[in-house]
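Participant: Going by our numbering, the sequence shown opens with residue 506, and the numbers climb by one from there.
Mind looking over this structure? Questions follow.
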Amino acid sequence: MLSAVARYKQLLSSALARYFPRTTAYLRAEREAAQPRKPARKQARKQARKKASGGKKSSSGKAARSKPGPAGIYPATRLKIEEAQVQAMRERVAQAVGAGLIGAPSDEQWAMILCRAPLTRIFAGAGSGKSSTLVLRVVFMLCHLQIDPQRLTVISFTNASCSELRERLQRLLDFWRYGQDARQCVRTFHAAMAALAKEQLGSPRWFEQLDEPATEPDNPLTGARLRPAQQRLLKQAYQSAYAEDARFRLLCHRLLKLPAPQETQGRTAKAPLDACKLPGEFATLPLFELLYGQIDFAASLGIRLDHLDVKTLQCAARERDFIEAMQRFQEHFTALLHSQGLISFNGAFAQLSERLQRADAGKPGPALLALGHLLIDEFQDISPQIVLWLQAVHRRLHSAGERISLMAIGDDWQSIYGWRGSSPELFIDFDRHFPSRGRGKSTTLLMGTNYRSIEPVLRDGEKVLAEVRSKQAKTCVAAKAMQPGDHGVKLIQRFDLGNGLPRLLDEIRAQCAHVAGRPGADRTAVLLLSRRNEPLQQVRAQLDKALPVRALTIHRAKGLQAEVAIILDDCLPVEKHPLRNALYAQCGFFTGSYDQAMQDEARRLAYVAITRGVSRVLWYTRKAQGATQCLA
């Protein structure tokens, strides 16, 4: 009779064989990741002969992208790991499991923990335990591979997630009796960039931190709207541009659909503060805020507006007017920031990327050296701007003779920040952006076991992704057993919150009562989810605060779970966005349009919402449309 482990491996292999066309390569990569690689001398000689003869292999794959990838800098040779180090790690982990500090890692988690590749991409599905595995990987690097904590950085996207990772890491390092403080290793992208900016750009003050300068830089796009101090500066730059630039005045009046400006001698023209709505945007905002928001988006795509020829853009006249207005407004805004000793996060990322590529960049300092060994969580949420910065950082370290490694952990199925410039394509095309020398490919691992949700929830989650154009084919295996009454997504149609709120509140109370009597239930009974805050606020106002319920937007709930997930959103794509389509085409990183990316993202948002549920998901909707149409 097969052992439980053998049966599990057989189940996983058969599932991957059905759903994952590259199964063999992935399983081989998992085995190789935890084992030393023997020198491939025959292959090396074969490649050398091929190079000498000038032979070229024909390719029938995808057509070349518009933006070629950089030359490889990551070594093809494996990290030097002794079997004694591996055994010591396994023994200490077993002791930590016995002490109740962690759960026992699975084979696929061990493949990540013990990986010998200097360049690794890990597809970690929802509920796969990637955070605990990432912490164990860091412990292995610090305690067993003796990597200097001053040369290692773990990137997580928000200060909140960094705080949680630091606590987990410190708890395990204390158990390992590690003598150094490694908490500074865990940072957001913006905190790591700020440390480098302090070293390279002379301790700049941040526009995004006006009114709260003492806090560590966080991802600014996870927060609320602009604060008053930021709005004042933007309004000042807007007034300056309007008063000094006749062309900007004309563009503003066109965009606001106002009569042409009256030119008066000797009097400072007052900029109109009318609100307007840009096609594709949710909110109606003053023009200066709209301009700033799209400048921010363009920067996240790695676009230098001052290098852009508006006449060459493939878009309508109104979009060209808007982009020209962005250019002229940015010039005044940047000058104002400079006059006050300020810089924006985007401006610093761009300046650092350019500075690090110069031949006179100088000897790497501590902030740059700290980025030598990088482990990046939620990699599917990075933007082209971050890609360019990471490339510049590691190329500078490589040229200085420093050792570098990169481990990228993420799940393209959970990429839901396209509205701020992120795209799963950057993770899917990882080897194009971060190629290694020699083999030219990263080691790719899969963490496909879901320890959170029952199988019907996972299968329904996969259904909503069926029409997503850009995704890595994979499937997940549920480790959690079902109990009587468990189910996947149950659709409740013809629901309107205006008159259906009492019925919804009754259902929430019933689900809380169900969870209270369920053996081994999650500590959060119900997670109430919506894309927008407004419906959540309506429910919160009537909900008994003593109930174990959390009401969050889907974006804020990412990474969380509850026994029952209740969704109040159709996850429909937003309206078309001609301006961002033009910027998307200009940046050269993506194969499709922004509108197509947003259609895919609406489905991924639905997937994230569904997979927050452990044993039940209820979805309230007016009618089956968008993602819910796949489930009707």
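Glycine included, C-beta positions come from ideal geometry on N, C-alpha and C.
Just so we're clear, the structure is a prediction, and the values are computed from it rather than from any experiment.
Give, in chain order, every unbroken run of the alpha helix (DSSP H) that is at least 4 residues long and sits entirely within the region 878–948.
Facilitator: 889–904, 930–933, 935–938
Participant: Give me, in chain order, the residues of the same chain whose beta-carbon lies closer than 6 Å to that of residue 870; leave out the 5 immediate sequence neighbours on both sides.
Facilitator: 704
Participant: Is the CB-CB distance between residue 1120 and residue 1011 below 7 Å?
Facilitator: no
Participant: Given residue 1137, which residues of its chain have a CB within under 8 Å of its CB, disregarding the five upstream and five downstream residues?
Facilitator: 996, 998, 1129
Participant: Looking at the unbroken beta strand (DSSP E) that takes in residue 607, where does it start and where does it end?
Facilitator: Neither: residue 607 is in no beta strand (DSSP E) and is coded neither H nor E.
Participant: What did DSSP end up calling residue 791 once you bin it into helix, strand or coil?
Facilitator: If DSSP states are grouped into helix, strand and coil, residue 791 belongs with the strands.
Participant: Tell me whether the region 629–641 and the region 944–964 touch, counting them as touching only if at least three CB pairs, one residue from each stretch, are closer than 8 Å.
Facilitator: yes
Participant: With distances taken from CA atoms, which of 811, 879, 843 is nearest residue 622?
Facilitator: 879
Participant: Is the Cβ-Cβ distance between residue 581 and residue 1014 less than 7 Å?
Facilitator: No, they are not a contact pair.
Participant: Can you tell me the Cα-Cα spacing of residue 1106 and residue 625, whole angstroms?
Facilitator: Their Cα atoms are separated by approximately 25 Å.
Participant: Buried or exposed for residue 1063, going by 16 or more other Cβ atoms inside 10 Å?
Facilitator: buried
Participant: By Cβ distance below 6 Å, which residues in the same chain neighbour residue 932 in space, the five residues on each side in sequence not counted?
Facilitator: 884, 885, 915, 917
Participant: For residue 1100, tell me which candidate among 1082, 1017, 1087, 1114 has the shortest Cα-Cα distance.
Facilitator: 1082
Participant: Given this structure, state the Cα-to-Cα distance separating residue 765 from residue 757, to the nearest angstrom.
Facilitator: 9 Å
Participant: Using 7 Å as the threshold, is the C-beta distance between residue 850 and residue 695 below it?
Facilitator: yes
Participant: Determine the burial state of residue 976: buried for a count of at least 16 other Cβ atoms within 10 Å of its Cβ, exposed for fewer.
Facilitator: buried
Participant: Distance check for residue 767 and residue 928, CA to CA, integer angstroms please.
Facilitator: 44 Å
Participant: Does the distance from the C-beta atom of residue 644 to that of residue 606 stay below 7 Å?
Facilitator: no
Participant: Counting only the same chain and skipping the five closest in sequence on each side, list residues whose C-beta sits under 7 Å from that of residue 754.
Facilitator: 747, 766, 774
Participant: For residue 1123, which option in 1094, 824, 658, 1033 has the closest C-alpha, if you only look at C-alpha atoms?
Facilitator: 1033
Participant: For residue 1094, which option in 893, 604, 782 has the closest C-alpha, if you only look at C-alpha atoms?
Facilitator: 893
Participant: Which two residues bound the contiguous beta strand (DSSP E) that contains residue 1118?
Facilitator: 1118–1125
Participant: Determine the DSSP secondary structure at residue 1068, reduced to helix, strand or coil.
Facilitator: strand
Participant: Among 712, 646, 1029, 639, which residue has its Cα nearest to the Cα of residue 1068?
Facilitator: 1029
Participant: Exposed or buried, residue 979, counting other C-beta atoms within 10 Å across all chains shown (16 or more means buried)?
Facilitator: buried
Participant: What are the start and end residues of each continuous alpha helix (DSSP H) run of 4 or more residues lying completely inside the region 603–689, in chain order?
Facilitator: 612–618, 635–644, 664–680
Participant: Could you give the distance in angstroms between the alpha-carbon of residue 1075 and the alpha-carbon of residue 1108?
Facilitator: 10 Å
Participant: Check the DSSP bridge columns for residue 1054 and list the partner residues they point to.
Facilitator: 1031
Participant: Using CA atoms only, rank isn't needed, just tell me which of 993, 1055, 671, 711 is closest to residue 967.
Facilitator: Selection 993, 1055, 671, 711 evaluated against residue 967 yields 993 as nearest (Cα-Cα).
Participant: Quick check on residue 812: buried or exposed, where buried means 16 or more other Cβ atoms within 10 Å of its Cβ?
Facilitator: exposed
Participant: Quick check on the burial criterion: 16 or more other C-beta atoms within 10 angstroms. Buried or exposed for residue 1131?
Facilitator: buried
Participant: Classify residue 791: buried if its beta carbon has 16 or more other beta carbons within 10 angstroms, exposed otherwise.
Facilitator: buried
Participant: Go to residue 970, then tell me how far its alpha helix (DSSP H) extends in each direction, as first and last residue.
Facilitator: Premise fails: residue 970 is in no alpha helix (DSSP H) and is neither H nor E.
Participant: Cβ of residue 716 within 7 Å of Cβ of residue 664?
Facilitator: no
Participant: Just to confirm my understanding: we take residue 1098, look at its own chain, exclude 5 residues before and 5 after, and list those with CB closer than 8 Å. What are they?
Facilitator: 1086, 1089, 1090
Participant: Grouping DSSP H, G and I as helix and E and B as strand, with all else coil, what is residue 1076?
Facilitator: coil
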